[in-house]
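Below is one structure, written out as structure tokens, with a few remarks after it.
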Amino acid sequence: MALKRIRNMVVASINEGLDKLENPRVMLNQYVRDMESDIAKAKHTIVKQQVIEQNFKGKYEEAEKLAVKRKNQAQLAFDAGEEELAKKALSEMKYFEAKAAEYQDTYQHAKQQLVELKEQLQTLEVKLRDIKDKKHALIARANAVKAKEHMNASFNKIDNESAYREFMRMESRIEEMETRVNSYADFTATSNSPYSRLEYAKEVEEELEKMRSQKIGLEKQESVGNE
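Residue numbers (this note's numbering): 540 to 766.
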């Protein structure tokens with residue numbers, strides 16, 4: 540009883556797991572579609588990030604060029620004795636240098652994010668290939684579990700005591716039917732014997748009469764002897 544109870548618990552656990560799993564083929568195909576969707580989104584994000592990266596790179600390079608240009612202009616103005624103009628050029632140079640540093644930091648950050656996104660995309664693509672490779676094997680394993688579940692249910696039904704008793708009762712009934720059929724066949728065979736034909740009926744009665752007469756004679760002799 541203990542083993543049967545344990546087995547029933549295992550079967551119930553498997554059934555619960557399969558109910559949660561639902562249709563393995565549908566679920567696994569859905570996983571693949573979800574990952575393909577994630578990969579498509581990741582690629583779109585990477586394209587956007589590349590645009591952002593290049594945009595800040597362009598701003599950084601442009602600000603750096605303007606800073607160099609204003610520095611040269613300030614030097615020319617100073618050499619020409621135009622100190623106010625030189626101061627204005629130097630002020631703009633400092634502004635563009637600050638902007639160049641700002642854009643450079645943003646550009647480097649965007650560049651690093653792009654590297655990380657590409658690594659994540661590569662990881663997703665590897666996982667997708669792995670899932671596709673394993674999908675059919677997992678479906679086969681899930682089908683095998685389902686088949687075992689049906690087998691366990693069948694064994695559980697066969698092991699049921701009432702079902703077994705019913706089977707034994709049917710076996711006894713069949714044996715009784717076989718006995719009746721065989722007895723009838725034996726009787727029919729005897730009735731159809733050539734030794735039981737009606738043409739011998741008279742002779743049979745005469746022989747029986749002789750046997751009765753002999754029996755009566757013997758009984759009388761025994762009776763006289765006892766007196």
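Beta carbons: idealized from backbone N, C-alpha and C, even for Gly.
Just so we're clear, the structure is a prediction, and the values are computed from it rather than from any experiment.
By alpha-carbon distance to A606, the top candidate from E664, E742, A639 is A639. The Cβ atoms of K582 and L660 sit closer than 8 Å to each other. By the CB criterion at 8 Å, E592 and A649 fall inside the cutoff. Measuring C-alpha to C-alpha distances from T662 to each of Q760, D577, I678, R751 identifies D577 as the nearest. Judged by DSSP in its simplified three-state form, E621 adopts coil rather than helix or strand.
Here M632 is buried: its Cβ has 16 or more other Cβ atoms, across all protein chains shown, within 10 Å. Taking C-alpha positions only, I670 is separated from V654 by approximately 24 Å. Residue environment for R609: buried (at least 16 other C-beta atoms within 10 angstroms of its C-beta).
Counting C-beta pairs closer than 8 Å gives fewer than three between the stretch 617-635 and the stretch 562-576, which falls short of the contact rule.
Within the stretch 645-677, complete beta strand (DSSP E) segments of at least 3 residues are not found at all.
Take the alpha-carbon of K749 and the one of E742: they are about 11 Å apart.
Short of 7 Å from the beta carbon of E664, and not among the five residues preceding or following it, lie these beta carbons of its own chain, in chain order: I578.
Closest by C-alpha distance to V590, out of Y646, I678, M707, is Y646. Taking the C-beta atoms as reference points, L677 is found no nearer than 8 Å to T584. Here the alpha carbon of S762 sits roughly 15 Å from the alpha carbon of S752.
Taking the C-beta atoms as reference points, F595 is found no nearer than 8 Å to Y634. Between Q652 and Q588, the gap from beta carbon to beta carbon is short of 8 Å.
In this structure, V586 lies away from K674, with their beta-carbon atoms at least 8 Å apart. By the 16-neighbour rule on beta-carbons within 10 angstroms, A637 is exposed. For the options K759, M707, K598, I713, the alpha carbon positioned closest to that of D644 is the one of K598.
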